[in-house]
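Asker:
6 protein chains.
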Amino acid sequence: MTDRITALDLARAELSEATKAYFAKCEEKLGLVPNVLLAYAFDEKKLRAFTDMYNELMLGESGLSKLEREMIAVAVSSINQCYYCLTAHGAAVRQLSGEPALGEMMVMNFRAAGLPERETAMLEFAVKLTEEPAKIVEGDRAALRQVGFSDRDVWDIASTAAFFNMSNRVAAAVDMRPNPEYHAMAR
Amino acid sequence: MTDRITALDLARAELSEATKAYFAKCEEKLGLVPNVLLAYAFDEKKLRAFTDMYNELMLGESGLSKLEREMIAVAVSSINQCYYCLTAHGAAVRQLSGEPALGEMMVMNFRAAGLPERETAMLEFAVKLTEEPAKIVEGDRAALRQVGFSDRDVWDIASTAAFFNMSNRVAAAVDMRPNPEYHAMAR
Amino acid sequence: MTDRITALDLARAELSEATKAYFAKCEEKLGLVPNVLLAYAFDEKKLRAFTDMYNELMLGESGLSKLEREMIAVAVSSINQCYYCLTAHGAAVRQLSGEPALGEMMVMNFRAAGLPERETAMLEFAVKLTEEPAKIVEGDRAALRQVGFSDRDVWDIASTAAFFNMSNRVAAAVDMRPNPEYHAMAR
Amino acid sequence: MTDRITALDLARAELSEATKAYFAKCEEKLGLVPNVLLAYAFDEKKLRAFTDMYNELMLGESGLSKLEREMIAVAVSSINQCYYCLTAHGAAVRQLSGEPALGEMMVMNFRAAGLPERETAMLEFAVKLTEEPAKIVEGDRAALRQVGFSDRDVWDIASTAAFFNMSNRVAAAVDMRPNPEYHAMAR
Amino acid sequence: MTDRITALDLARAELSEATKAYFAKCEEKLGLVPNVLLAYAFDEKKLRAFTDMYNELMLGESGLSKLEREMIAVAVSSINQCYYCLTAHGAAVRQLSGEPALGEMMVMNFRAAGLPERETAMLEFAVKLTEEPAKIVEGDRAALRQVGFSDRDVWDIASTAAFFNMSNRVAAAVDMRPNPEYHAMAR
Amino acid sequence: MTDRITALDLARAELSEATKAYFAKCEEKLGLVPNVLLAYAFDEKKLRAFTDMYNELMLGESGLSKLEREMIAVAVSSINQCYYCLTAHGAAVRQLSGEPALGEMMVMNFRAAGLPERETAMLEFAVKLTEEPAKIVEGDRAALRQVGFSDRDVWDIASTAAFFNMSNRVAAAVDMRPNPEYHAMAR
Chain Z
334 MTDRITALDL ARAELSEATK AYFAKCEEKL GLVPNVLLAY AFDEKKLRAF TDMYNELMLG
394 ESGLSKLERE MIAVAVSSIN QCYYCLTAHG AAVRQLSGEP ALGEMMVMNF RAAGLPERET
454 AMLEFAVKLT EEPAKIVEGD RAALRQVGFS DRDVWDIAST AAFFNMSNRV AAAVDMRPNP
514 EYHAMAR
Chain C
334 MTDRITALDL ARAELSEATK AYFAKCEEKL GLVPNVLLAY AFDEKKLRAF TDMYNELMLG
394 ESGLSKLERE MIAVAVSSIN QCYYCLTAHG AAVRQLSGEP ALGEMMVMNF RAAGLPERET
454 AMLEFAVKLT EEPAKIVEGD RAALRQVGFS DRDVWDIAST AAFFNMSNRV AAAVDMRPNP
514 EYHAMAR
Chain A
334 MTDRITALDL ARAELSEATK AYFAKCEEKL GLVPNVLLAY AFDEKKLRAF TDMYNELMLG
394 ESGLSKLERE MIAVAVSSIN QCYYCLTAHG AAVRQLSGEP ALGEMMVMNF RAAGLPERET
454 AMLEFAVKLT EEPAKIVEGD RAALRQVGFS DRDVWDIAST AAFFNMSNRV AAAVDMRPNP
514 EYHAMAR
Chain P
334 MTDRITALDL ARAELSEATK AYFAKCEEKL GLVPNVLLAY AFDEKKLRAF TDMYNELMLG
394 ESGLSKLERE MIAVAVSSIN QCYYCLTAHG AAVRQLSGEP ALGEMMVMNF RAAGLPERET
454 AMLEFAVKLT EEPAKIVEGD RAALRQVGFS DRDVWDIAST AAFFNMSNRV AAAVDMRPNP
514 EYHAMAR
Chain W
334 MTDRITALDL ARAELSEATK AYFAKCEEKL GLVPNVLLAY AFDEKKLRAF TDMYNELMLG
394 ESGLSKLERE MIAVAVSSIN QCYYCLTAHG AAVRQLSGEP ALGEMMVMNF RAAGLPERET
454 AMLEFAVKLT EEPAKIVEGD RAALRQVGFS DRDVWDIAST AAFFNMSNRV AAAVDMRPNP
514 EYHAMAR
Chain H
334 MTDRITALDL ARAELSEATK AYFAKCEEKL GLVPNVLLAY AFDEKKLRAF TDMYNELMLG
394 ESGLSKLERE MIAVAVSSIN QCYYCLTAHG AAVRQLSGEP ALGEMMVMNF RAAGLPERET
454 AMLEFAVKLT EEPAKIVEGD RAALRQVGFS DRDVWDIAST AAFFNMSNRV AAAVDMRPNP
514 EYHAMAR
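Residue numbers (this note's numbering), protein chains in the order written: chain Z, 334 to 520; chain C, 334 to 520; chain A, 334 to 520; chain P, 334 to 520; chain W, 334 to 520; chain H, 334 to 520.
#1: Leaving aside the five residues before and after residue 379 of chain A along the sequence, list all residues of the same chain whose C-beta is less than 6 Å from its C-beta, in chain order.
#2: Run through DSSP, which three-state label would residue 449 of chain H get?
#3: Does the distance between the C-beta of residue 397 of chain A and the nearest non-hydrogen atom of the ligand ADP fall short of 6 Å?
#4: Give a yes or no on whether the minimum CB-CB distance between residue 450 of chain A and chain C is below 7 Å.
#5: List, in chain order, every chain H residue whose beta-carbon is nearer than 7 Å to that of residue 399 of chain W.
#6: Residues of the region 412-423 of chain P in Cβ contact with chain A at a cutoff of 8 Å, in chain order, please.
#7: Within a Cβ cutoff of 7 Å, which residues of the same chain sit near residue 419 of chain C, ignoring the five residues on either side of it in sequence?
#8: By Cβ distance, which residues of its chain are closer than 6 Å to residue 413 of chain C, with the 5 residues on each side in sequence left out?
#9: Quick one: is residue 480 of chain W buried, meaning 16 or more other Cβ sit within 10 Å of its Cβ, or exposed?
#10: Using 8 Å as the threshold, is the region 396-407 of chain Z in touch with the region 432-452 of chain Z, meaning 3 or more CB pairs across them?
#11: When burial is assigned at 16 or more other CB atoms within 10 Å of the CB, is residue 478 of chain A buried or exposed?
#12: Between residue 395 of chain Z and chain C, is there a C-beta pair that is closer than 7 Å?
#13: Output yes or no for whether 7 Å exceeds the beta carbon distance between residue 519 of chain Z and residue 381 of chain Z.
#14: Once you ignore the five residues that flank residue 348 of chain A on each side, which residues in its own chain have a CB closer than 7 Å to its CB?
#15: Using the Cβ count rule (16 or more neighbours within 10 Å means buried), how would you classify residue 351 of chain H?
#16: Taking the Cβ atom as the reference point for each residue, do residue 400 of chain C and residue 496 of chain C lie within a distance shorter than 7 Å?
#17: Taking C-beta pairs closer than 8 Å, name the residues in chain C that residue 438 of chain A reaches, listed in chain order.
#18: Counting only C-beta atoms, is residue 487 of chain P closer than 7 Å to chain A at any point?
#19: Check whether the Cβ atoms of residue 503 of chain P and residue 340 of chain P sit closer than 7 Å, and answer yes or no.
#20: Please report the straight-line C-alpha distance between residue 484 of chain A and residue 450 of chain Z, rounded to a whole angstrom.
#21: Does chain W have any CB closer than 7 Å to the CB of residue 429 of chain H?
#22: For residue 456 of chain W, I'd like the list of residues in its chain whose CB is within less than 8 Å of its CB, leaving aside the five on either flank, ordered along the chain.
#23: Could you check the C-alpha separation between residue 388 of chain Z and residue 486 of chain W for me, to the nearest Å?
#24: On the CB-based measure, 16 or more other CB atoms within 10 Å of its CB, does residue 344 of chain Z come out buried or exposed?
#25: Can you pull out the residues from the region 484-518 of chain W whose beta carbon lies closer than 9 Å to at least one beta carbon of chain H?
#26: Does the distance from the CB of residue 363 of chain C to the CB of residue 489 of chain C come in under 7 Å?
#27: Distance, Cα to Cα, residue 421 of chain C vs residue 511 of chain C?
#28: Quick check: the Cα distance between residue 337 of chain W and residue 424 of chain P, rounded to an integer number of angstroms?
#29: Which residues in the same chain have their Cβ closer than 6 Å to the Cβ of residue 359 of chain Z, if we skip the five residues on either side of it in sequence?
#30: Can you find the residues in the same chain that come closer than 6 Å, C-beta to C-beta, to residue 436 of chain P, ignoring five residues on each side of it along the sequence?
#31: Please specify which runs of the alpha helix (DSSP H), each continuous and at least 4 residues long, are wholly inside the region 436-496 of chain H, giving them in chain order.
#32: Give me the residue from Z:386, Z:385 and Z:417 with the minimum Cα distance to residue 514 of chain Z.
#33: Compute the Euclidean distance between the alpha carbons of residue 376 of chain Z and residue 454 of chain H, then round it to the nearest angstrom.
#34: What does the alpha-carbon distance come out to for the pair residue 521 of chain P and residue 516 of chain P?
In structure tokens form, the structure reads like this:
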């Protein structure tokens, strides 16, 4: 933790007991405290807003599996070339799927993965929403419904893709560095 | 409220007392409940995560004035051509600035506004972060510091621009409709 | 008229009687002399060439209604982010349609308007012609004929979209300022 | 003239005496009637508006030489990949300059020509105005003044580049065919 | 050969007898030694690797005619705006086809040529591969098979388009100058 | 080798003794025969042309280290999102550098690596040549010379970047699959 985590010099207050406990739980479950949390920790209100949204989205109930949500995260981050998110969430795809090559294909070009039509439709929507949000039309939503997604699933696909369009940009703006441990995980 | 707010058909549960109270407060302070809140209300956890982050970012303490944060919101939404956000936050720029033309310039092309160097640098950063996040380098952060922004301000500029890159995409994905009242406000 | 209209310093000759009369007629009919005319007035030959083409195109006989031509003007100007044309022609859409929100949607993202197939096809053609003129093929013309446009209408859609690709660029090149009165019109 | 000139089927009225005379003059001076004139001839008002603007711009008084204006025409048409304009105006650059290779370089990539700084600045402005009109700022005008252009010259550079952004799009929209004679001229 | 061929100053060793003979054969068959060969001649190993690949690809056995391969070369070079390749291979299309206008259309915009469906499909594939290689999917290969291309032909279309994406970039990087003789050939 | 290597069905002739020996040497030195070689092996002339150029470029004498050449390969392939090349050459960067994270940064976003000015200039040139070859000007070459590259080095940077713009497109066009062994190498 002596190495810098972002390019910004932000005075960090003493962490609250709640935050310390949260970080301890991360350490225990993941073997590390993700640097994105340390980056936000200079202001606990911001940290909490971020983690609340993140946890609800990525870990909460959804018609999408956790792996599917991570695949969206990585495919979006690939377009935005976000070093932090590709590293951390690429590792998550490798772990959740048990297929190291799948994580690599999400990082490099999801079209190489030859996915089933459900996942292909899901990622095509996420990618169009990332690249040309202004051009989304009813036909794009219809394509998701056609492969079996409910309207609630459409919301979750959209929210997940949108969230990483946010966090990719926070990471890029401050040059956020991923924990080095991610690189070797689940290879 | 009989007209549709999004293109999705999402069953909405009975609102909790806390949410009813929050909407009543919106009604009282703004004269309306922003449709984005109604759109998220199908799931109160998602609604709360969204409002917590939004309120912290746009109304919390910051070296950026509220008007500056709204200017970032609109300049980003202009690139993404987000009808919902341009309408709602365009109105906010008109109101906070007392200059209707300023709101229009943020919607149409911020470069037309001939802003002072502080605001120009702030919006140039927000626009580059929106258009080419992968190409942000140290020089971009240095340009913000040079016109007087602190590192904490850089975080806030980045977070605000990033947040609207998220909400622009949620709105585009579900065809979110702004409250019609915004159009006539502060003209 | 003391404020600058463009970023260029162009010596203006005494206006001819014909031009004075034309401007007086504008004042009477529109309540103002559009700044674009004052910008061209440094050279009456250029002014006349511009107004002749403009009037023939936007006010002459056509299978397109005046509102449809103004919608094309604004949708094209939205892509080119032209402050002058979005302001002046956005006001025209609001006035001709009697629907302020329609003007806003043309400025922000025409896809939000959920237009009938005729207008959607018309604007999709105008937008493709603006963004990727080299990629127009016979199929694009066929799509217009299919929703009922005649070949003469195709010419008018093309000419109108093309004209604003010209005037957007003149306005951008010289930083042309719209008359402030437009902002409050027909809200 | 039996071959089609555009992809549109536009009933052509009998030409007026004035138009016949104008075409005869073209035939005499150029050895042909440019197809663009025949394309517009279905409506003499449109034809006259086009030729008035074209002649004023390309042949009228200006601080830019006729060759310089043709160079702008071709460099702009190169970006828009306009077959009609590249053919007709490429021939004009070859003729006016007496350097066939110069015409080819304008068609293919003006940067290959290694032009003096005046022409380079002129074409860089025309190209930026074509590709990214929304991003023109005062610095772009200043760069033209710095190499000796007057404000009036800036207007002419802008108007010429803008005009071909219009006519490139009319030609693309209707698949306008150049007179075959252009290909062999001034080689 | 006194004029410079590239922007680089590369010491050229004495040519080997084999290379002298090869250049003599070019002179005899083409009337010139293509400047690209002189550019590579500073290192005979590089020269031989280039000519081996080039000759196999453009002159070897293939289901594509030599003209078709040259058409791909020019259509690709048009997107990359490569002055060297457009000049040299534009001349080849004019020569092989006996239709000067065909060469011009490949240089300017292949869509203007109204080609049969086989050539159209071939060039659409080459252009997509040039502009958006990451977005090639099985459907793109299927479109080639549908108009009668074998899998081996698909390889040749791909390799030819890919090769010119390489040589366009070598030429751009070093400002390679085409032999002036090309301009007047086969007009 | 039972799994498919490309999406094309290409009859493969019996391999010559020379090719068998070459593949045996690959097996011995690398522990595998790179799939790209097997993909080209349907035609030994094509295979030899490819390997001759590749070996001269990536393994021959140069002012660029082998690692630097591999860094260019990966940075270029990142823009083109080439699954095959990112996998194979990403592994090479990890191996040659002994820094797994460096390979990942080249795959994801080379700007994250905070490289010394020599490598930064080299990769900025390679990236511009990949994204906008038509916009390379003398200033781009000058920037390389300024950090100490010779004209011969400029040639090598250009050739390497150009080569991967070719092979990325061959791989994309035929959906070439990397050897699975690469994923776990040098992690």
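Virtual Cβ for every residue (Gly too), placed ideally from N, Cα, C. None of these values were measured; they are calculated from a predicted model.
Answerer: Quick answer:
#1: 373
#2: coil
#3: As for the ligand ADP, it is missing from this structure, which has no ligand bound.
#4: no
#5: Neighbours of residue 399 of chain W on chain H: none; closest Cβ ~17 Å, over 7 Å.
#6: 413, 414 and 415
#7: 407, 410, 411 and 440
#8: 501
#9: exposed
#10: yes
#11: exposed
#12: no
#13: no
#14: 374
#15: exposed
#16: no
#17: 416
#18: yes
#19: no
#20: 40 Å
#21: no
#22: 404, 405, 408, 443 and 448
#23: 51 Å
#24: exposed
#25: 484, 485, 487, 488, 490, 491, 492, 494, 495, 496, 497, 498, 499, 500, 501, 502, 503, 504, 505, 506, 507 and 508
#26: no
#27: 7 Å
#28: 27 Å
#29: 366
#30: 423, 426 and 427
#31: 450-464 and 471-479
#32: Z:417
#33: 37 Å
#34: Residue coverage of chain P in this structure runs from 334 to 520, which leaves residue 521 of chain P outside it and unanswerable.
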